[in-house]
Amino acid sequence: ATAPQAAGRGVLVVMDDVIHAARWVSKTHTTALQTFLSRNAGPVGFVDPASVRFVTPAQQSGHLGLPADHKLPRVEIIYAHADMDGRQIDDAIRAGARGLVVAGMGDGNVSGDALSALDRAGRGGVVGGRAG
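Position 78 (the sequence shown) corresponds to 78 in full-length UniProt numbering; numbering is contiguous.
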């Protein structure tokens with residue numbers, strides 16, 4: 001991030017000495033060591049002990065084009081844990097969350113009770129995603 005060449009490139013993800021543009025990168029496997037890939041675009045650069053080298057020109061990042069006063073929906077991030085009972089999920093919905101990101105355990109797993117709470121949330125129109 002402090003490399004002068006990174007200026008104007010937007011958000012970058014660097015793992016295993018490979019630089020990806022955040023808008024194209026995805027986590028492709030929950031346990032593989034080299035899991036971050038930019039399948040449709042490829043990496044934008046590389047890091048070695050002596051330098052940072054970009055292999056693509058800086059590109060203008062996309063913008064949502066929303067008015068400055070546009071209110072985005074409330075999205076909660078919930079960290080899963082062993083024997084999670086789902087109350088955090090239910091509480092987030094009661095507090096007005098319209099989206100949930102659940103940081104699951106291991107391979108992105110959650111307990112059965114948490115899964116039931118997520119199912120209730122989804123049936124109520126709440127958008128969800130998981131990370132693991």
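A virtual CB, placed ideally from N, CA and C, is assigned to each residue, including glycine. The model shown is predicted, which means the values in this text are computed figures rather than measured ones.
Using the three-state DSSP reduction, which class does residue i fall into: helix, strand or coil?
i    : result
D90  : helix
L72  : coil
L12  : strand
A114 : helix
D48  : strand
What does residue i pair with, by DSSP beta-bridge criteria?
i    : result
N109 : M105
A7   : Answer is none; A7 lacks a bridge partner.
L37  : S26
H20  : V13
G129 : V101
Just reading off the beta strand (DSSP E) that residue i is part of, what are its end residues?
i   : result
R53 : S51 to F54
Inspect the beta-carbon positions of residue i and residue j and report whether they are closer than 7 Å.
i           : j    : result
A117        : I89  : yes
V110        : I78  : no
D113        : G86  : yes
A22         : V11  : yes
G42         : R53  : no
residue 210 : R74  : Examination of residue 210 is not possible in this model, given that the chain is present from 1 through 132 alone.
V47         : D91  : no
A80         : M105 : yes
T56         : D107 : no
E76         : L37  : no
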